[in-house]
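See below for the structure under consideration.
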Amino acid sequence: MRLRVQPATRWTGILSVPGDKSISHRALLFAALADGISELQGWLPAADCEATLRCVRALGVQVERPAQDHLVVHGSGLKGLQPAPEPLDCGGSGTTMRLLMGILAGFPFPSVLVGNPQLSRRPMERVARPLRQMGGEVITTEGHAPVRVRGGSLRGIRYELPIASAQAKSAVLLAGLYADRPTTVIEPAPSRDHTERLLGSMGVSIQRDGNSITIGPAERLFPLSLVIPGDPSSAAFLIAAALLIPGSAVQIPGILLNPTRLGWVEAWQAMGAPIQVIPEGEAGGEPVGRLHATAATHLQAIEIAGAMVPRMIDEFPIFAVIATQAEGVTQVRDAAELRVKESDRIAALAMELRRMGARIEEHPDGFTIYGPTPLRGAVVHSHGDHRLAMALAVAGLIAHGETIVEDTACIADSFPGFVEAMQALGAEIEPV
Ligand code: S3P
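Residue 47 is where the sequence shown starts when you use the working numbering, and the numbers rise one by one after that.
In structure tokens:
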């Protein structure tokens, strides 16, 4: 699939975005382990989360689906998963594979986790290593999928994560549910904390002290009744377009406002972006509210490094598009993790944004953008990466002339309805 994008003349409206991807994965996985029936509304029906649903069902958990975004999960209890008859297919979803590795380390039967070629290039030792220290048998294929896991009696450990990865942290915490004593994970900088919040709301003993999180072994998880808020990482594309298109005004209600996910809002505000965050309440232990943005009159370049990086880790592709329109030199450092996402986001961004006229330099752990530069319409490629595809489509809205984004089926990995959302706000965008 390819998308044709024309320069935007209007960008206005009030629009919701689909449910948060990170919380959708976790809510389903944890509900599968709960005692009793969980109700999940606002579940994200995207390819990545569908992979989690497939795996959970393959492990013997009954899940009803009254609507596309509504799941009723008959929890099997903490010890109740059944061996899957075939390898568990995680598709392209890193969250599915890494969180399942942690859970399956608690079960004595053998499991095999496989993924598509894109996922099979991503590093899995970062999860396998601590699980082995806990006593699980975890075998990767030269550091990658397929991954074989056989668990059983685990020991609680104290583990210093070498990288700020919420997936690696979550896998160790989940294995900690099955350990003989408390497990402590120390992260180099805070990453998204949905696992901690959700498990806490299900009755698990879990505490944070600075950058260290301690989880106690659990007897049971209480079931969930959850309305999953909108995904801020999806909203970021629509907000970015608002900043860049003259005369725009966009409101997005019902968005997750967890501070570990809103680094991008703070960074863009510091650049001069008129974004308002309006808290509205809480859902499942998470703050929820409305985002409001209008066109920016002036955007100033910024430097991003250190603890800010994990707080906006998924927003660098769209951030790079904004940086092309900011005055001065934008620098991103300490972000080598971008090289092991759905694509090598540093190399792919540099290659594709250059085709549109951006001045961007690549570094081992980040990039430099010199702005502002006018963008020109071009034929660009997503590299099979949903967030790159959407960032390039937004770039097309502010480019001179027509832009074609190639290989855009991947957008369904996280934001089903992206094209319709763009059209509703005024974009001329269509599949060709
Ligand atoms: C996620 C964590 C992040 C993020 C990914 C979702 C999660 O990955 O990039 O999109 O749900 O835990 P890492 O843990 O690899 O940083």
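All residues carry an ideal CB built from backbone N, CA and C; glycine is no exception.
(Q) Nearest by alpha-carbon distance to LYS125: which of THR141, ASP115, GLY137 and VAL107 is it? (A) Minimum Cα distance to LYS125 is reached at VAL107.
Q.
By alpha-carbon positions, which one of MET180, ALA235 and CYS136 ends up nearest to VAL160?
A. CYS136
Q. Would you call ARG433 buried or exposed, if buried means 16 or more other Cβ atoms sit within 10 Å of its Cβ?
A. buried
Q.
Considering only heavy atoms of ligand 3, does any lie closer than 7 Å to the CB of ALA393?
A. Ligand 3 is absent from the structure shown, which contains only ligand 1.
Q: Pull up the distance between the alpha-carbon of PRO325 and that of GLU242, whole angstroms please.
A: 21 Å
Q. Expressed to the nearest angstrom, what Euclidean distance is found between the alpha-carbon atoms of ASN162 and ARG72?
A. 21 Å
Q: Would you check if the segment 52 to 62 and the segment 438 to 452 touch, i.e. whether three or more CB-CB distances between them fall below 8 Å?
A: Touching, per the Cβ criterion.
(Q) Closer than 7 Å to a non-hydrogen atom of ligand 1 - does that hold for the CB of LYS387? (A) yes
Q: Taking 8 Å as the cut-off, decide whether the C-beta atoms of ALA353 and ALA214 are in contact.
A: no
Q) Going by DSSP, what residues sit across from ILE350 in a beta bridge? A) VAL378
**Q.** Contained alpha helix (DSSP H) runs [length at least 4] in the segment 156 to 199, N- to C-terminal order
**A.** 171 to 179
Q. PHE153: which of CYS95, GLY198 and GLY256 sits nearest, CA to CA?
A. GLY198
Q: Could you please give the first and the last residue of the uninterrupted alpha helix (DSSP H) stretch that includes VAL334?
A: Premise fails: VAL334 lies in the beta strand (DSSP E), 332 to 340, not in any alpha helix (DSSP H).
Q: On the DSSP bridge assignment, give the partners of GLN108 in chain order.
A: HIS120
**Q.** GLY222 versus ILE149 - alpha carbon distance
**A.** 9 Å
Q. Starting from LEU244 and walking both ways along the alpha helix (DSSP H), at which residues does that stretch end?
A. Taken as a continuous stretch (DSSP letters only), the alpha helix (DSSP H) holding LEU244 covers 240 to 247.
Q.
How far does the alpha helix (DSSP H) with PRO278 in it extend, from its first residue to its last?
A. 278 to 290
Q: Determine the contact status of MET248 and ALA191, defining contact as a CB-CB distance below 8 Å.
A: no
Q | Any chain D beta carbon closer than 8 Å to ASP380 | A | Among the protein chains of the structure shown there is no chain D, as only one such chain exists.
Q) Is ARG56 helix, strand or coil by DSSP? A) Reduced to three states, the DSSP call for ARG56 is coil.
Q.
Using C-beta distances below 7 Å, list every residue in its chain close to PRO363, excluding the 5 sequence neighbours before and after it, in chain order.
A. ARG391, LEU395, ARG433, LEU434 and ALA437
Q) Which of the three DSSP states, helix, strand or coil, is assigned to PHE365? A) In the structure shown, PHE365 sits in a helix (DSSP, three-state: H, G or I).
**Q.** ALA342 beta carbon less than 8 Å from that of LEU284
**A.** No. Outside cutoff.
Q: Could you tell me whether the segment 308 to 326 touches the segment 78 to 96, using the rule of 3 or more Cβ pairs below 8 Å?
A: no
**Q.** Identity of the residue in ARG103, PRO133, ALA113 and SER139 nearest SER122 by Cα
**A.** ARG103
Q.
For a test of the three-state rule: what should DSSP assign to GLU132, helix, strand or coil?
A. coil
(Q) Applying the 10 Å Cβ sphere with the 16-neighbour rule, what's the burial state of GLY202? (A) buried
Q: Could you tell me which uninterrupted alpha helix (DSSP H) segments, each at least 4 residues in length, are contained entirely in the segment 406 to 466, listed from first to last along the chain?
A: 432 to 443
Q) Anyone know if the C-beta pair for ILE252 and THR230 falls short of 8 Å? A) Against a cut-off of 8 Å, the Cβ pair of THR230 and ILE252 comes out as no contact.
Q) Within this structure, are the beta carbons of GLN128 and PRO91 separated by less than 8 Å? A) no
Q. In the structure shown, what three-state DSSP assignment does LEU272 receive?
A. strand
Q. What three-state label does DSSP hand GLU474 in the structure shown?
A. coil
**Q.** First through last residue of the alpha helix (DSSP H) which encompasses THR141
**A.** Secondary structure note for THR141: its alpha helix (DSSP H) is the uninterrupted segment 140 to 150.
Q: Please check the pair GLU373 and GLY403, which I expect to be a contact at CB under 8 Å, by giving their CB distance rounded to whole angstroms.
A: That belief does not hold up - the Cβ atoms of GLU373 and GLY403 are roughly 16 Å apart, past 8 Å.
Q. Between ALA286, ARG379 and LEU146, which lies nearest to VAL218 when the distance is taken from Cα to Cα?
A. LEU146
**Q.** Status (buried if at least 16 other CB within 10 Å, exposed otherwise) for ILE60
**A.** exposed
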